[in-house]
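Data block below; observations after.
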Amino acid sequence: MTAWDAFRSALDSLRANPLRSALTMLGIVIGVAAVIAMVAVGAGARDQVLRQIASLGTNLIMVGQGSIARGGVKLGAGTASSLTEDDALAVLTDIPGVVVTAPSVRWGLQIVAGNQNWGTVLFGITPDYMDARDWSVAQGRGLSDEDVAQANKVVVLGQTVVRNLFGGGDPIGEPVRVFSTPLTVIGVLGEKGQNTQGQDQDDVIFVPLSTAKRNIPGMAKSNPRFIHTMVVKMRDGADMAEAQAEIRDLLRQRHRLIPGQDDDFWMRDLTEVSATRDASSRALSFLLAAVAAVSLLVGGIGIMNIMLVSVTERTREIGLRLAIGARRRDILVQFLIESTTLSLIGAAVGVAVGIGTAMVVAALAGWPTLIRLDSVVLAVVVSGLVGVFFGLYPARRAARLNPIEALRHE
Numbered sequence: 008m009t010a011w012d013a014f015r016s017a018l019d020s021l022r023a024n025p026l027r028s029a030l031t032m033l034g035i036v037i038g039v040a041a042v043i044a045m046v047a048v049g050a051g052a053r054d055q056v057l058r059q060i061a062s063l064g065t066n067l068i069m070v071g072q073g074s075i076a077r078g079g080v081k082l083g084a085g086t087a088s089s090l091t092e093d094d095a096l097a098v099l100t101d102i103p104g105v106v107v108t109a110p111s112v113r114w115g116l117q118i119v120a121g122n123q124n125w126g127t128v129l130f131g132i133t134p135d136y137m138d139a140r141d142w143s144v145a146q147g148r149g150l151s152d153e154d155v156a157q158a159n160k161v162v163v164l165g166q167t168v169v170r171n172l173f174g175g176g177d178p179i180g181e182p183v184r185v186f187s188t189p190l191t192v193i194g195v196l197g198e199k200g201q202n203t204q205g206q207d208q209d210d211v212i213f214v215p216l217s218t219a220k221r222n223i224p225g226m227a228k229s230n231p232r233f234i235h236t237m238v239v240k241m242r243d244g245a246d247m248a249e250a251q252a253e254i255r256d257l258l259r260q261r262h263r264l265i266p267g268q269d270d271d272f273w274m275r276d277l278t279e280v281s282a283t284r285d286a287s288s289r290a291l292s293f294l295l296a297a298v299a300a301v302s303l304l305v306g307g308i309g310i311m312n313i314m315l316v317s318v319t320e321r322t323r324e325i326g327l328r329l330a331i332g333a334r335r336r337d338i339l340v341q342f343l344i345e346s347t348t349l350s351l352i353g354a355a356v357g358v359a360v361g362i363g364t365a366m367v368v369a370a371l372a373g374w375p376t377l378i379r380l381d382s383v384v385l386a387v388v389v390s391g392l393v394g395v396f397f398g399l400y401p402a403r404r405a406a407r408l409n410p411i412e413a414l415r416h417e
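Following the working numbering, the numbering of the sequence shown begins with 8 at its first residue and continues without gaps.
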């Protein structure tokens, strides 16, 4: 019997008992589908994390205002006002490996253009902020050192703000108003998308730091050097944990905090966000991997069981073939091909189910998925090996039958 004959025999066996064949392949189908979905969800989540971290900027440490306590009650992050532009300058000059520090202030407000208005977040920044955040300018120009030095009344708009205020029009050179302060649009930011918390990074406007402090109502005027946050960009390959420790020590010294006293600022390394999201995707991947392994094991046992039944049902056929000259190796190969065919058909169905599952997850749960060809190939190869492994015992049992006793079998 040729390999093609064995393959046709396997298909005939499947068609003869369709329900039994479907139940036999069910474990393989679930296992392969779980592998495809596992890799798709895991790869998609990791890809999204990398894109979000890249959109925030690389090698960044965020430093912001901490909490103050009044009457033993902590008022929460942002209530302390101890961070200053001088702190940002000190971090830049005193901490090794710092490429740039970018102080900023922020304020939620309404921006008005003509008869349109939009609620957004204003950032008062220096040009270093855009460098630290790797933020490009899609149209016009960004803020300059001259804008900061002269407190020019200019603004750079995020993409979301542009769409809501100007629709498809060109905003460059157009006047806008924040409270009673008129500003001129000089640029449009490149698109960033959502950050790791799902917030729209394009729903922002940038003005010079000095302009925000002098001309935007609500900004603290008691300390002209006051800032809300600073972004610290480290050189590539820098030890972020060590850098955080050095920055913390420097700021505590500058703020005259005694040992045991809480920090009046907070710090966040963006790699922590990446690690958290990556750990979540790994946990989901491990769970699906366990489901896949158990399903493939159950599927393999099912194939072994059905092949043993097939050997019993076809004992006389096997004895007849041996009697007319078939070699035991031919019988072994025939049954291995049949078990592998069962497994591969289950794998094909499982690939379709896995891809469909990944698409459903992406559509309903909003979880990103990424179908990878290597995962499909791996799942098919593994299922084929499962067919060979679990089909080997029934195949050897068939090949070792005594032709005379097999012909007597009823």
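Built from N, CA and C at the ideal position, the CB exists for glycine as well.
Can a CB atom of chain B be found closer than 9 Å to the CB of R259?
-> Looking at the structure shown, chain B is missing, and only one protein chain is on hand.
Within this structure, are the beta carbons of A3 and G398 separated by less than 9 Å?
-> Nothing can be reported for residue 3, as the shown portion of the chain is limited to 8 through 417.
With DSSP run on the structure shown, which of helix, strand or coil describes A413?
-> helix
Helix, strand or coil for Q208, going by three-state DSSP, please let me know.
-> In the structure shown, Q208 sits in coil (DSSP, three-state: anything other than H, G, I, E or B).
Cβ atoms of V389 and D303: under 9 Å apart, would you say?
-> In the sequence as presented, Asp is not what sits at residue 303; that position holds Leu. Going by C-beta atoms, L303 is nearer than 9 Å to V389.
Within the present structure, is the beta-carbon of Q117 separated from the nearest heavy atom of the ligand HEM by less than 8 Å?
-> As presented, the structure is devoid of all ligands, the ligand HEM included, so that no description of it is given.
9 Å Cβ cutoff met for R232 and T91 | yes
Unbroken stretches of the beta strand (DSSP E), 3 residues or longer, contained in the segment 103-189 | Given a length threshold of 3 residues, each whole run of the beta strand (DSSP E) inside the segment 103-189 is given here in chain order: 105-120, 123-132, 144-147, 161-164, 182-185.
In or out: A84 buried (at least 16 other Cβ within 10 Å) or exposed?
-> The predicted model places A84 with a pLDDT of 49, which falls under 50 and marks its position as unreliable, so this point remains unresolved.
Cβ-based neighbour list, L99, same chain, cut-off 6 Å, excluding 5 preceding and 5 following | If the five residues before and after L99 are omitted, its C-beta is found closer than 6 Å to the C-beta atoms of V105, T108, all from its own chain and listed in chain order.
Using only alpha-carbon positions, find the residue among G394, I352, A330, A365 that is nearest to L408.
-> A330
Would a C-beta distance cut-off of 9 Å place A248 and F342 closer than the cut-off?
-> no
Would you mind listing the alpha helix (DSSP H) stretches within the segment 303-335 that are 4+ residues and don't spill past its ends, in chain order?
-> 322-330
Burial state of Q72 (16 or more Cβ within 10 Å) = buried
Rounded Cβ spacing between V393 and G307 (contact assumed at less than 8 Å) = So it is a contact: roughly 4 Å between Cβ atoms.
When you compare only the Cα positions, how much space is there between D269 and V384?
-> 54 Å
Counting only the same chain and skipping the five closest in sequence on each side, list residues whose C-beta sits under 8 Å from that of L18.
-> T348
So, using beta-carbon positions, are G131 and S111 closer together than 9 Å?
-> yes
Limits of the alpha helix (DSSP H) - the one that R255 falls within = 247-261
C-alpha distance - A29 paired with E412, whole-angstrom precision = 32 Å
Cβ-based neighbour list, D276, same chain, cut-off 7 Å, excluding 5 preceding and 5 following = I68, M247, Q251
Roughly how many angstroms separate the alpha carbons of G193 and K240, rounded to a whole number?
-> For clarity, residue 193 is Ile in the given sequence; the question names Gly instead. Cα to Cα, the separation comes out at about 26 Å.
Short check: CB of A296 to CB of V39, under 9 Å?
-> no
Does the Cβ of D271 have 16 or more other Cβ atoms within 10 Å, making it buried, or fewer, making it exposed?
-> buried
Could you check how far apart the C-beta atoms of Y136 and V238 are, in whole angstroms? I think they sit under 8 Å.
-> 6 Å
Which value, in whole angstroms, describes the spacing of the CA atoms of N24 and S317?
-> Going from the Cα of N24 to the Cα of S317 covers about 11 Å.
Do F173 and Q123 come within 9 Å of each other at the CB atom, strictly closer than that value?
-> yes
Determine, using beta carbons only, whether V214 and L190 come nearer to each other than 9 Å.
-> yes
Would you kindly check if the distance between the Cβ of L96 and the Cβ of A219 is under 9 Å?
-> no
Helix or strand or just coil, what does DSSP make of G79?
-> Note on G79: pLDDT 46, under 50, position unreliable in the model; the coordinate value appears next. DSSP places G79 in coil when its eight states are reduced to three.
Candidates V367, I352, K199: which alpha carbon is nearest Q166's?
-> K199
Assigned exposure category for G244 - 16 Cβ within 10 Å defines buried | exposed
Cβ neighbours of R379 in the same chain (closer than 6 Å, five flanking residues each side left out) | V46, A50
With a threshold of 16 other CB atoms inside 10 Å of the CB of A354, please say whether the residue is buried or exposed.
-> buried
DSSP state of R275 mapped onto helix, strand, coil = strand
Which of the three DSSP states, helix, strand or coil, is assigned to L67?
-> In the three-state scheme derived from DSSP, where H, G and I count as helix and E and B as strand, L67 is classed as strand.
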